[in-house]
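Numbers -19 to -1, 1 to 165, taken from mature numbering (1 follows the signal peptide of the UniProt record, and there is no 0), label the letters of the sequence shown in order.
C-beta atoms are modelled at their ideal positions from N, C-alpha and C, and glycine is treated no differently.
Everything below concerns the one structure shown next.
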Amino acid sequence: SVMQYVLLLCLLTFHCATSFKFLAYSPLLAKSHNNFMTKITDVLVDAGHEFVMLSEVYDRHLSDSNTKKAQIIEIPQTERAKVFETWINNDVAEEFWSDKSLYEQCSSWGSVMDIYADMCIATLTTPGLLHALRAEQFDAAYVESLHGCAPSEPSSIYYLLLSIESSACARACPYCLILIGVGK
């Protein structure tokens, strides 16, 4: 009947009006963090939202663990990020099961900030990337807060350059312990 078509049209209009376009900033640094961000993205895609996931490659072994439901833009691993890959897969993995305190384990993370900065520069200087992302006209963005250059604040350069007004920061670990480890 006509009423069913009107109801269907209203539902479709409501669905379109309530879906958002997100930028998910998810550097490939550790499997658990990547899984966390992928699950959030997948749930929101299933709910009807549109996503672009920006992933800087720190650990090349994680490239296949990203979401299959969103467009993915991978920033290739830099030479300095290869050092991170070795560090995270060898040194950190060994220290995790050692008798060292969490503070002692995290104290070696300060040098990682230089690698984060290197990847941030690689991302910001990728030809055409910022222009393409700006053209997407995202409604909102979110990030997992572990990354040192992560756009976890609304005033982040990423958000300002892309004109994204709404943002969220997801945390997969006790944030205060990470801040101690990276010297913030």
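Judged by beta-carbon spacing, residue 21 lies beyond the 8 Å limit of residue 62, meaning their Cβ atoms are not closer than that value.
Using a Cβ distance threshold of 8 Å, residue 19 and residue 56 do not count as a contacting pair. The Cβ atoms of residue 16 and residue 7 lie no closer than 8 Å to each other. Nearest neighbour of residue 92 by Cα position, chosen from 64, 119, 114, turns out to be 64. Residue 11 counts as buried, since no fewer than 16 other beta carbons sit within 10 angstroms of its beta carbon. When the beta-carbon positions are compared, residue 3 and residue 122 come within less than 8 Å of each other. Look at the region 7 to 37 and you find these whole runs of beta strand (DSSP E), each 3 residues long or longer: 31 to 37.
Secondary structure at residue 144: coil, using DSSP grouped into helix, strand and coil. For the pair residue 125 and residue 98, the CB atoms are not nearer than the 8 Å cut-off. Secondary structure of residue 1 (DSSP, three-state): coil.
Collapsing the DSSP output to three states places residue 39 in coil. Setting aside the 5 residues that flank it on each side, residue -1 is surrounded in the same chain by 29, 30, 31, each with a C-beta closer than 7 Å to its C-beta; the list follows chain order. For residue 96, the enclosing alpha helix (DSSP H) has its first and last residue at 93 to 105.
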